[in-house]
Ligand SMILES: NC(=O)c1ccc[n+]([C@@H]2O[C@H](COP(=O)([O-])OP(=O)(O)OC[C@H]3O[C@@H](n4cnc5c(N)ncnc54)[C@H](O)[C@@H]3O)[C@@H](O)[C@H]2O)c1
């Protein structure tokens, strides 16, 4: 593109936008110059955070179109809620096609869409506008995952054979904003929200270093979903109170627990298995990410709460609730693990460096919207399997038009009882 530095515009000023802004202290050759959010105040706060951290002279814009019209902005990071993806991408493409401005690329947070039709539309719109595309799956950039893969393949796999089983789990006590809990707005429950991470990082671990994702062929998917905690009357009431009465888990719940098994064939036709578990019903110190990779003579294990840093606060330390020790923290007393740098350890710094370097050199990022589509296809097949209570061969028929019952407001395990 001829430029040596990229000007970045962030769409959305919430939780993940702030994570990306904080990660920018480790990103080179790009500055955060703009933020757009649903309201100007949030956008201004996020822009102020960027300025305070010296990661760019960011200012707030009224709209995505206004931000694109600024010649200083070269690429957008889409960090707005799932239900705004298509309107956002349509506005971007419209602004570019009507000559309002120019962009080299867009990077989009997970999930790429609430279903396969939306994810594919994101890809098609990006291609129509000839944009480079980055799918923001931070976990495939997490140092423990990247290094674990490197070592397992270099030592274990090269001498004794490829890994054949990857297990990934992501669990916490539930999302911070009401819209995540609404099947229709979010696209589903915890399966859509968090299994997107687990299926992709497990696939990444099982793929030989440097190989394309197409070397692994998904052949069947088996999944199970349940609402274990948040449909109990006491907890359903908490969700209702937090959302001003909108979230109704007694009648319109989403799953707070999901597991899936994806069976792949490798390039030789051998069987590989990915097992994932996700839940919004885990009350531990905070967010827990675990991964295991198993091969014939070796194994790798990662647990984000097995931190080298722990603090202890006695019962006399009665501080306010916060998330200063770990994301989705559940306590401020006793022995608590601390994640030293969440932006580093969860992969955001390496992810954003990769996206920036790819955009600057005019190359498609290694994690892109095609990966986002593939992930969505696996998740939707998992929903089909859970709904039909059987193993589904991949790819199933009518996958492109499938919308899970939970996203249509038609899933209620309580009604199936007895
Ligand atoms: N990679 C990860 O681990 C991870 C973690 C959390 C969230 N996410 C993803 O990031 C996205 C945002 O999540 P969040 O936690 O920041 O949510 P959030 O609710 O905290 O923030 C969303 C922000 O988007 C703004 N917004 C809403 N509608 C908008 C619109 N039409 N245009 C512009 N801005 C709009 C809101 O005002 C808010 O500032 C979601 O898609 C979520 O799945 C990813």
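Residue numbers (this note's numbering): 4 to 421.
Quick reminder that beta carbons are idealized off the backbone N, C-alpha and C, glycines included.
Closest by C-alpha distance to residue 410, out of 85, 232, 133 and 6, is 85. In this structure, residue 226 and residue 389 form a Cβ contact; the two beta carbons are roughly 5 Å apart against a cut-off of 8 Å. With a cutoff of 8 Å on beta-carbon distance, residue 77 and residue 107 are scored as near each other.
401 is the residue among 418, 414 and 401 whose C-alpha sits nearest the C-alpha of residue 118.
When secondary structure is reduced to three states using DSSP, residue 404 falls in the helix class. The C-beta distance from residue 348 to residue 307 rounds to 7 Å, short enough to meet the 8 Å contact threshold. Annotation: the continuous beta strand (DSSP E) that includes residue 264 extends over 260 to 268. A direct Cα-Cα distance of roughly 22 Å separates residue 166 from residue 281. With a cut-off of 7 Å, the C-beta of residue 37 is classified as distant from ligand 1, since no heavy atom of the ligand falls inside that distance. With respect to the 8 Å criterion, residue 336 and residue 318 are classified as neighbours on the basis of their beta carbons. The three-state reading of DSSP puts residue 291 in strand, counting E and B together. C-alpha of residue 264 to C-alpha of residue 162: approximately 27 Å in a straight line. Annotation: the continuous alpha helix (DSSP H) that includes residue 209 extends over 193 to 209.
Under the three-state reduction of DSSP output, residue 236 falls in the helix class. At least 8 Å separates the beta-carbon of residue 94 from that of residue 129. Between residue 125 and residue 372, the C-beta gap is smaller than 8 Å, which places the two residues in contact. Short note on residue 14: C-beta closer than 7 Å to some heavy atom of ligand 1. Nearest to residue 274 by alpha-carbon distance, out of 341, 232, 223 and 89, is 223. When secondary structure is reduced to three states using DSSP, residue 372 falls in the helix class. Cβ neighbours of residue 285 within its own chain (closer than 8 Å, five residues either side excluded): 174, 175, 176 and 291. Between residue 135 and residue 361, the C-beta spacing is below 8 Å.
Residue burial annotation: residue 260 is buried, with at least 16 other C-beta atoms found within 10 angstroms of its C-beta. Unbroken alpha helix (DSSP H) runs of no fewer than 4 residues, entirely contained in the segment 113 to 184, are found at 119 to 131, 146 to 154 and 181 to 184, following chain order. Three or more beta-carbon pairs separated by less than 8 Å link the segment 40 to 47 to the segment 15 to 27, which places the two stretches in contact. Between the alpha carbons of residue 96 and residue 418 lies a gap of roughly 44 Å. For the 8 Å CB-CB criterion, residue 8 and residue 56 do not form a contact.
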